[in-house]
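Below is one structure, written out as structure tokens, with a few remarks after it.
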Amino acid sequence: MRLTEKRNLPDLPLPGDSICFEASWYPVTPPSVPGAFDTQNWLKSQNLAAYGKFKHWEAYPGDWTFERSFFKFRQFMQARFAKFLDPAETGLLMGLLAGDRSGIPEVLRSDFQRSGLVHVLAISGFHVVLLAGMLMIFLKATGIPHKIVTIIASILLAIYVPVTGGSPAVRRAVMMFVIPQIGTLFGKPANTLNSLGVALLLIILPEPSVIWNPGFQLSFAATAGIIIGTPHNPTKLLPDSFKQNKLWQKIQSFAIDPTYVTLCATLATAPFLIHHFKTLSPFAWFGNLIIVPAISLGMQAGLFAQLSPVDFICGTFCAAARFFLRLASLLTRILSDCAAASMTVGPFPPAVLLALGILILLLPVCYKNYIARKYAFLCILIAAALFAFESYHEVLHPSWTLTTIDVGQGDSHLVKAPSGRYFLVDAGDNSRQDSGKEIIVPFLHHIGVSKLDALIITHPDKDHFGGAKSILKMFPVKELWTSDCSMKESKPDWQQVLSEARKRNVPIRNIHRGILWKEKYFEMRTIHPRNDVCVEANEGSITLRLKGFGHSAVLTGDLTVKGEKEIMKTDAYLKSDVLKLGHHGSKTSSSEPFLNAVSPMYAIIPSGRKNRFRHPHKQVTDRLDSLHIPYINTAKKGTITFTFVPDSISYTTMW
Numbered sequence: 001m002r003l004t005e006k007r008n009l010p011d012l013p014l015p016g017d018s019i020c021f022e023a024s025w026y027p028v029t030p031p032s033v034p035g036a037f038d039t040q041n042w043l044k045s046q047n048l049a050a051y052g053k054f055k056h057w058e059a060y061p062g063d064w065t066f067e068r069s070f071f072k073f074r075q076f077m078q079a080r081f082a083k084f085l086d087p088a089e090t091g092l093l094m095g096l097l098a099g100d101r102s103g104i105p106e107v108l109r110s111d112f113q114r115s116g117l118v119h120v121l122a123i124s125g126f127h128v129v130l131l132a133g134m135l136m137i138f139l140k141a142t143g144i145p146h147k148i149v150t151i152i153a154s155i156l157l158a159i160y161v162p163v164t165g166g167s168p169a170v171r172r173a174v175m176m177f178v179i180p181q182i183g184t185l186f187g188k189p190a191n192t193l194n195s196l197g198v199a200l201l202l203i204i205l206p207e208p209s210v211i212w213n214p215g216f217q218l219s220f221a222a223t224a225g226i227i228i229g230t231p232h233n234p235t236k237l238l239p240d241s242f243k244q245n246k247l248w249q250k251i252q253s254f255a256i257d258p259t260y261v262t263l264c265a266t267l268a269t270a271p272f273l274i275h276h277f278k279t280l281s282p283f284a285w286f287g288n289l290i291i292v293p294a295i296s297l298g299m300q301a302g303l304f305a306q307l308s309p310v311d312f313i314c315g316t317f318c319a320a321a322r323f324f325l326r327l328a329s330l331l332t333r334i335l336s337d338c339a340a341a342s343m344t345v346g347p348f349p350p351a352v353l354l355a356l357g358i359l360i361l362l363l364p365v366c367y368k369n370y371i372a373r374k375y376a377f378l379c380i381l382i383a384a385a386l387f388a389f390e391s392y393h394e395v396l397h398p399s400w401t402l403t404t405i406d407v408g409q410g411d412s413h414l415v416k417a418p419s420g421r422y423f424l425v426d427a428g429d430n431s432r433q434d435s436g437k438e439i440i441v442p443f444l445h446h447i448g449v450s451k452l453d454a455l456i457i458t459h460p461d462k463d464h465f466g467g468a469k470s471i472l473k474m475f476p477v478k479e480l481w482t483s484d485c486s487m488k489e490s491k492p493d494w495q496q497v498l499s500e501a502r503k504r505n506v507p508i509r510n511i512h513r514g515i516l517w518k519e520k521y522f523e524m525r526t527i528h529p530r531n532d533v534c535v536e537a538n539e540g541s542i543t544l545r546l547k548g549f550g551h552s553a554v555l556t557g558d559l560t561v562k563g564e565k566e567i568m569k570t571d572a573y574l575k576s577d578v579l580k581l582g583h584h585g586s587k588t589s590s591s592e593p594f595l596n597a598v599s600p601m602y603a604i605i606p607s608g609r610k611n612r613f614r615h616p617h618k619q620v621t622d623r624l625d626s627l628h629i630p631y632i633n634t635a636k637k638g639t640i641t642f643t644f645v646p647d648s649i650s651y652t653t654m655w
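Below you can see the structure in the form of structure tokens.
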């Protein structure tokens, strides 16, 4: 069981205390959007059965435990930092030195994640190596014999594991330091790759399921990549006379070697990143070169601050830590602010990723090993064959799809044209959670979308544009489409979306009745609103009719009955296979004449589970039943995907 109290209460229970509590438990449902966070599997991986919220609790003092001492030590560290640093800087240093990331601002975490540097915030090999090096320097400075220094450093690092929470990455890093040190004590130097293997076994044997943890896989892959790749640095092939040049030695130590080590770690983790997240950060290697040194210096200053016996010296080191941490945060923000900071790669079949992994392992020895070159060429052939098969399959079996993304009480629809172009119609809400950041962008990465040809906002209501700003910041968007009347809307949140588009040089197109986007086999026509008059926002919702391979669909935004009448006056032929009901199934939309005019085979209702508006309205569902129109509600079925091919229509749902 894991209990969290977010309020900063003075009398919180300590480790070892007993707690009597009453809580309300929340139902845990499987993800309703592909690529979304899987709460069920996460709870299972943490050995938790459910999650809920405290109603009330009482604590009773318990006996002393080791965990209590570690907790008190972390509190002592935090109190020393808090005297001289802001809460955000204190939280960042506590995360870097003690593994307590609860105080790191969410915005900063998001920046590090998007720039591919989130590993810096999790204590792992980087932090342990830095700490071990500083420990060895301090202990050797006291004049203690080398063997005693080794024993003391190993013991202190072993104690450091539970202080930081004992994550697999920390245990692996500490074992990889301790095992070679023990070997040297007995005159048997350990091979680093063997040390990694021993650490792997010692972690997996008591907890075999940890092998499926993405963080565990990435940590070991990065370490293995550095160990395997470092001895094969291409600069070793240079002539000795060139390598002895002092200028070259400086360039190599400050630029080439760090870049090569970062490249080894990046390549080794690439198959796992693609498999789990379908993304890679093109700036990660650059970020490691400029941001990791700043973080390293900030950590060292923070550690010296903790060791300083006088407040004046402690404050001086804290000021230095503040400078380096703020510099690292600023550089991270600049990198993460680019829409291409996180690039979609994949999804690829497991066979392709396996071939890629084997190829990466063979690369360091390919130049001098014939067998390695042969197997590397075989891996390339396998991957190329699978890519070619998938490409030809798409050409021989063209289709277009319409996916209604479950964003709760909001609208978001992804249209994929036969050519592979993508259009996102509306972007959900951002009241309870940011649909763009938390739902839509992960979904786009998951299904392999690399860019949006257009982001279309039907009208400036928050449940339709709420996630648009995050999408513009986090994902490549070629154009933003909306109506001229919407652009004149003065809502501050909506104007921020338009400002974000202008800031990123995303063209804003005026969309109105008569606008047609067309390619071979597919077209997207705007059938509402008019461009010469502005009406109420819902009534003026952009309405699109998609058509391809003899099938069609109508997307209506929050179109009202008045808007439906306007469309029927000008469009004699509206019959379509799929209709997205206006305004989430509200009784202000989906009139019987309009339903008869469209005469859909299926109706889609995007609505939130247990929404306060009680959408869809019973009048609308009764009307659909009387007209024998089957309807699919995202609240009950999750994300819905319709696939249109020349001779049939099919759909799939998450549940």
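Numbering (the working numbering), first residue to last: 1 to 655.
Positions of the beta carbon are idealized from the N, C-alpha and C atoms, including for glycine.
Computed from a predicted model, the values in this text were never measured in an experiment.
Query: At least three beta-carbon pairs within less than 8 Å, the segment 639 to 655 to the segment 25 to 40; Result: yes
Query: Test item: CB-CB of residue 658 and residue 334 under 8 Å; Result: Missing from the structure shown is residue 658; the chain here goes from 1 to 655 and no further.
Query: Delimiting residues of the alpha helix (DSSP H) encompassing residue 255; Result: Run containing residue 255: none; DSSP gives neither H nor E here.
Query: Sub-8 Å separation of residue 135 and residue 158 beta-carbons; Result: no
Query: Reference residue 650, options 602, 633, 627, closest by Cα; Result: 602
Query: 3-residue-minimum beta strand (DSSP E) runs that sit fully inside the segment 453 to 527, ordered along the chain; Result: 454 to 456, 480 to 482, 508 to 510, 516 to 519
Query: First and last residue of the uninterrupted alpha helix (DSSP H) at residue 379; Result: 370 to 396
Query: Own chain partners of residue 486 with C-beta closer than 7 Å, once the 5 adjacent residues on each side are dropped; Result: 457, 459, 460
Query: For residue 343: DSSP bridge partner residues; Result: 280
Query: Cβ separation of residue 463 and residue 410, assumed to be a contact under 8 Å, to the nearest whole Å; Result: 4 Å
Query: Same chain only: Cβ atoms within 6 Å of residue 481, ignoring 5 sequence neighbours per side; Result: 454, 456, 509, 511
Query: Candidates 581, 246, 430, of which the one nearest residue 600 by Cα; Result: 581
Query: Residues near residue 25 by beta carbon distance below 8 Å, same chain, minus five either side; Result: 50, 51, 52
Query: From 372, 382, 69, residue whose alpha carbon lies closest to that of residue 354; Result: 382
Query: Contacting residues, own chain, Cβ-Cβ under 7 Å from residue 608 (five flanking each side not counted); Result: 408, 409, 635
Query: Length of the line joining the Cα atoms of residue 351 and residue 540; Result: 49 Å
Query: Whether residue 19 touches residue 64 by CB criterion (8 Å); Result: no
Query: Of the listed residues 121, 151, 594, 257, nearest to residue 104 (C-alpha basis); Result: 121
Query: N- and C-terminal bounds of the beta strand (DSSP E) containing residue 580; Result: 578 to 580
Query: Residue 128 beta carbon less than 8 Å from that of residue 170; Result: yes
Query: Where the alpha helix (DSSP H) through residue 357 begins and ends; Result: 350 to 362
Query: Alpha helix (DSSP H) runs wholly inside the segment 144 to 215, at least 4 long, in chain order; Result: 146 to 163, 168 to 185, 192 to 204
Query: Reference residue 471; option with closest CA among 571, 490, 442; Result: 442
Query: Cβ pair residue 301, residue 327 closer than 8 Å; Result: no
Query: Proximity winner among 173, 338, 183, relative to residue 151 (alpha-carbon distances); Result: 183
Query: Residue 645 (DSSP reduced to helix, strand or coil); Result: strand
Query: Spatially closest choice to residue 477 from 491, 630, 503, 490, by CA coordinates; Result: 503
Query: Separation of residue 98 from residue 67, as counted between CA atoms; Result: 13 Å
Query: The alpha helix (DSSP H) enclosing residue 691, as first and last residue numbers; Result: For the chain, the structure presents residues 1 to 655; residue 691 sits outside this window and is missing.
Query: Of the listed residues 60, 38, 40, nearest to residue 15 (C-alpha basis); Result: 60
Query: Supposed close pair residue 332, residue 576 - CB separation, criterion 8 Å; Result: That pair is no contact at about 47 Å.
Query: Three-state class that DSSP yields for residue 633 in the structure shown; Result: strand
Query: Candidates 566, 617, 322: closest to residue 83 by CA position; Result: 322
Query: Exposure label - residue 566; buried when at least 16 CB within 10 Å; Result: buried
Query: C-alpha distance - residue 420 paired with residue 404, whole-angstrom precision; Result: 17 Å
Query: Proximity below 8 Å, CB of residue 256 to CB of residue 235; Result: yes
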